[in-house]
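Here is the structure we will look at.
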Amino acid sequence: MNTNKLLLQIILGGFLAQGIIQVFFNGERKFEEQALGTETTSYWAKDNMDSSIHIIRIDSFEEPVFVNDYYARGGGNTVLFLGNSQTHSINQMKVGESNYIKIIHDSLANENTEVLCHSMPNAGLQEFYLSYMYWKDKLKIRTIVIPLFFDDLREDGIRDVFFSSLIAQRYLLQDTTNRIEQRINANLKSYWYSNAQIKDTQIIVNQDNIALKETVQEGVENKLNKFLEINSNSWNNRENVRGDFFVWLYHLRNTILRINANTIRKMIPKRYSDNMEALNLILNDCKENNVKVLLYIPPIRSDLPLPYQQDLYSKFKSDIKALCKNNQFSFADFDTIVPGQFWGYKVSTNLLENREVDYMHFQFNGHQILADSLLKHLQLMH
Amino acid sequence: MIFNSVTFILFLFLVVSAYWLLPQKIKMWMLLISSCIFYGFWRWEYLSVMFVSALTDYFTAIQIDKTPIENKRKRKQLLAITLIVNLGLLGYFKYLYFFTENINSFGSLLGLDINIPLFNLLLPFGISFYTFETISYTMDVYRGLIRAEKSFLNYGLFVTFFPKLVAGPIQRASELLGQLKNRPVYQTAFLAEGSKRILYGLFLKVFLADNISPIVDDAFAANPDSLSAIDVWMMAFLFGFQIYFDFSAYSHIAVGAAKLMGIGIPENFNFPYLAISFKDFWKRWHISLSSWIRDYLYLPLAGVKVTQTTGKGGIGEGLERTNEKGAKTRALFLTWAIMGFWHGANWTFVFWGIYHATIIFLERKLRPVRDKIAFFNFKIISWSITLFLAMLSWIPFRAKDLSDTFVMLKKIVTPSQYLYFTMRENNYLIAAVILLLVLITYYSNEVIEPKLNKFKWLSFAFHSIKYAIIIIIVFTFLRPISQFIYFQF
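Keeping their order, the protein sequence lines are chains A and B.
The working numbering puts the first sequence at residues 1 to 382.
The working numbering puts the second sequence at residues 1001 to 1489.
Here it is as structure tokens:
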């Protein structure tokens, strides 16, 4: 090929790329907002003094506020709610509405009990386990409330974006006799050198016995990245663009394979068993530390056919019920408590439709019903 | 320093600019110092290991060259020094833990209380590559194929030249020293071709390899007993693609970075997953290593005198010169076991090498039968068989140990293990889509682009848009989140 032509093509490609980057790589977009769409709004619960009681990401922004506010309020006995996007989202939210965490918090305000929540979108039980183990050293947890989303038992591993402070602190689970704990630690370690740091995989024969020093490049790369982040909005916005790209790929896949919210998701046996093992780890630890447990099957839109394999879903519910009975933990099945009119739609997950049924996120009335149901159980437990 | 970082891009820009701006005499020193800085960005202290290897070969090669051919004994002694030092370094840093651990285990099997302390050492990056280069240099001088290099600057640059320092391609002295001495004048072609290769490499690494990596890591972290045969195939294919994209990315960037300075480095890959036999595969995969193995292990072990040295062609060339079948087979198995062991101090790599040797052996033995059956002579059939067997070979390569390897391979031959799967549906889809994309890329290169090139403006626009997309993707995904896989070898 004519080399001048090749060079011209690359230069032209560069200019074209720069133009596209300028147009599409600017502006503030939160990845989780985009995933939820315009029908659903994220809601972080706060108490009446505007003090934080609800956290989504354990990072350098949210965690200090959450923990400091807790201690400022007196650092009392805590009911810790774990959750996913159902917890921190309100469908068709109107001014003044809140989620079930805030409603429960306000209801228990006079009982000298802290109501705190950590929710993460699509949280698997391995993430719940890590969250519980982390918070139990920082908060006086007396009760833990765990929703068991059948859908989220397809999830696996730990996502760095929701645990960045743990990664920065090099936090690891201390007791690693169980394979799930080992996997969680391996997962955390794998992030230690990512995120604007060189992954220092100096290959060593036995990695656990050698203290790794930082490379020279790590410092230089961090400085260069910081310089670019300060001076280039486009560079700063790359994470959002990567998120957008994967959302687009996900929509493309759904369009080609004709997948929508109604499509029945198959359970993945290995992930299911890993998540159930993680749940057992939480329960065992709670038992050892006299932490009361409420496990519940969360509400799902039940006036329409469920996107689950019915036989597996029924078995899952009876397994959880039996687990609670055997260990004397509280159990509640809330899957049908929110009527169809209190649900809504979400932005479509394929490229051809505008919206689709939302099986996960309900309106404020749904939050009220769930809060009332949970409060009844909590009162019975105490 | 790793290629997939802002630091490297800045470093390369500065080095290449200085290279073309500085006077001839200074630019080589600049290049040598830059190469040391490049390596030192990982660990300064390990530069000394590299220089022990380099200096040993520099002096022994000069001595060998000075010694008359008739004085075979002295020449052999000098060659032995080179081999002892280089293989000693490799053995010390790469294999000491493996050997001590195995001696202890073997001792306990025999009921002996052997307890040799285990030496946990940091493996110097690129040691397997630069020791092979220095060995080949001295061997070539010993064989009389090249003369010893008197200038330490030129020789030092041959060893340390940063684009190929850490993970190859393994370069022959005869191919690089000449270029370093007779440096070309600046041409736009260097800039164009070099930039193109670097962009391709970064695209393969930051977009493809790095995004496949978490799926592969996750899958191989699973308990192998819980996997199905379909999972094992998916893992084999995904890791096969990951290592190909990752390693070919490194080679593209290495070739491109050297090209920016007008220096040619041998190609390492040529669509290996389109091979129609294992022999063909090894002419397309890690060509510089298989050519090295051919010239310094395979042919000598098969009793063939090596009369030329080149990093091209891959394995299998030149064997027609031996008629002794036993020697061929011995050489084949021994070479591949060593090749496997070169990759890492683990029995899984030896198993991987022997797996390849066995298939090549079977290909040779079954050739008369295969030639008679028309079915096997359809390209698509031989391609499919080669592809599946080549992908399967990545299981021992990536598995934690031999026990996991055997569990996974057993799944492959158990029909009932094909009735279910345990991973996310996306993983299987991704493996299938990537295979399709590899085929489309090949078809596009071979068929569509030549046709498109007839329409000048259309071709120009097509390529400009292609580069725009690549630049956007590289810009978006450029993060030093992982090393190149071959750094560890």
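No residue lacks a Cβ here, since even glycine has one placed at the ideal position from N, Cα and C.
Separation of the CB atoms of B/Ala-1390 and B/Phe-1281 is rounded to 6 angstroms, and the pair is thereby assigned contact status at 8 angstroms. Just measuring C-alpha positions, the residue of A/Leu-252, A/Ser-165 and A/Lys-5 sitting nearest A/Leu-352 is A/Leu-252.
Within the region 84-118 of chain A, no residue has a Cβ lying closer than 8 angstroms to any Cβ of chain B. Counting C-beta atoms within 10 angstroms of its own C-beta, B/Met-1139 has 16 or more neighbours from the protein chains shown and is therefore classed as buried. Three or more beta-carbon pairs drawn from the region 341-349 of chain A and the region 254-265 of chain A are found closer than 8 angstroms, and the two stretches are therefore classed as touching. The continuous alpha helix (DSSP H) containing B/Phe-1237 extends over residues 1229-1260.
Residue environment for B/Ile-1069: exposed (fewer than 16 other C-beta atoms within 10 angstroms of its C-beta). Along the length of the region 1343-1389 of chain B, whole alpha helix (DSSP H) runs at least 4 residues long occupy 1347-1372 and 1374-1377, reported in chain order. Annotation: B/Tyr-1155 to A/Ile-167 spans about 44 angstroms, alpha carbon to alpha carbon. The residue among A/Lys-292, A/Ile-300 and A/Met-93 with its C-alpha nearest the C-alpha of A/Met-360 is A/Ile-300. For A/Asp-152, the nearest beta carbon of chain B is not closer than 8 angstroms to its own beta carbon. Closest in alpha carbon position to A/Ala-45, among A/Gln-310, A/Arg-355, A/Phe-362 and A/His-105, is A/His-105. Annotation: B/Phe-1245 to B/Phe-1271 spans about 11 angstroms, alpha carbon to alpha carbon.
Between A/Gly-340 and A/Glu-39, the alpha-carbon positions lie close to 16 angstroms from each other. Looking at the DSSP output, A/Tyr-345 sits in a beta bridge with A/Val-357.
Sixteen is the threshold: when 16 or more other Cβ atoms of the shown chains lie within 10 Å of the Cβ of A/Phe-162, as they do, the residue is buried. Under the 8 angstroms criterion on CB atoms, A/Asp-59 is classed as non-interfacial with respect to chain B. Taking CB atoms only, A/Val-216 has a neighbour in chain B less than 8 angstroms away.
If you check the CB distance, A/Tyr-71 and A/Leu-116 do not come in under 8 angstroms.
Pairing A/Ser-165 with A/Ser-232 gives a Cβ-Cβ distance that is not under 8 angstroms.
For the beta strand (DSSP E) assignment, the uninterrupted runs of no fewer than 3 residues enclosed by the region 107-150 of chain A are, from N- to C-terminal side, 114-119 and 140-147. Taking 7 angstroms as the Cβ-Cβ cut-off, the region 118-137 of chain A has no residue approaching chain B. When secondary structure is reduced to three states using DSSP, A/Tyr-171 falls in the coil class, being assigned neither helix nor strand.
Our two residues, A/Tyr-272 and B/Pro-1450, have alpha carbons roughly 51 angstroms apart in a direct line. Against chain B, a Cβ distance below 7 angstroms from A/Lys-270 picks out Ala-1222, Ser-1226 and Thr-1422.
A/Gly-74 has a beta carbon lying at 8 angstroms or more from every beta carbon in chain B. For the pair B/His-1356 and B/Trp-1336, the CB atoms are nearer than the 8 angstroms cut-off. Neighbourhood of A/Arg-253 in chain B, by CB distance below 8 angstroms: Asn-1426 and Leu-1429, in chain order. B/Phe-1351 and A/Glu-62 have their alpha carbons spaced roughly 50 angstroms apart.
With its beta carbon less than 8 angstroms from one in chain B, A/Ala-17 belongs to the interface. Distance from the CA of A/Ala-109 to the CA of A/Val-67, rounded to the nearest whole angstrom, comes to 18 angstroms. Along the region 169-188 of chain A, going in chain order, the ones with a CB nearer than 8 angstroms to a CB of chain B are Arg-179, Arg-183 and Ala-186. Between the alpha carbons of A/Met-133 and A/Leu-82 lies a distance of about 12 angstroms. Note that the region 1472-1481 of chain B touches the region 1002-1020 of chain B; at least 3 beta-carbon pairs, one per stretch, sit closer than 8 angstroms. Across the structure, B/Gln-1024 and B/Ala-1236 are spaced so that their CA atoms are roughly 49 angstroms apart. With respect to chain B, the C-beta atom of A/Asn-4 has a partner C-beta closer than 8 angstroms.
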